[in-house]
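Okay, so here's the structure we're looking at.
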């Protein structure tokens, strides 16, 4: 339930299309980053079920714009973390997107 409230709070921070676009882009960036971390850490996987709940709660469509923003974030994260230790990447992934993550709780889960 906390996760749904978090997603709704991202959208409810203001009103208008600019805020909705900003919320969409923020969530898309988090998704992209989480997906990249799951690729770099073999102990973690992207939780698509949780991702779907976040999108639905925030009334955000998984459209081409969302995909583009997520892809840029994904690629940037892969580039930024190239050459880093796998254990460190896993710790970051868990801290940001694990069950109690600070950026998107539950977007990543242990395999």
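In the numbering used here, the protein residues as written are 18 to 128. Just so you know, even glycine gets a beta-carbon here, dropped at the ideal spot from N, CA and C. All figures in this text were calculated on a predicted structure; none of them were measured in a lab.
*Taking residue 95 as part of the alpha helix (DSSP H), name the residues at either end of that continuous run.*
81-97
*Tell me, please, which residues DSSP counts as bridged to residue 111.*
Per DSSP, none; premise fails for residue 111.
*Counting along the chain, where does the alpha helix (DSSP H) carrying residue 72 start and finish?*
65-75
*asked:* Distance check for residue 89 and residue 38, CA to CA, integer angstroms please.
replied: Between the alpha carbons of residue 38 and residue 89 lies a distance of about 16 angstroms.
*Who are residue 61's beta bridge partners in DSSP?*
Answer by DSSP bridge pairing, in chain order: 127.
*asked:* Using a 10 Å radius around the Cβ and a threshold of 16 neighbouring Cβ atoms, would you call residue 76 buried or exposed?
replied: exposed
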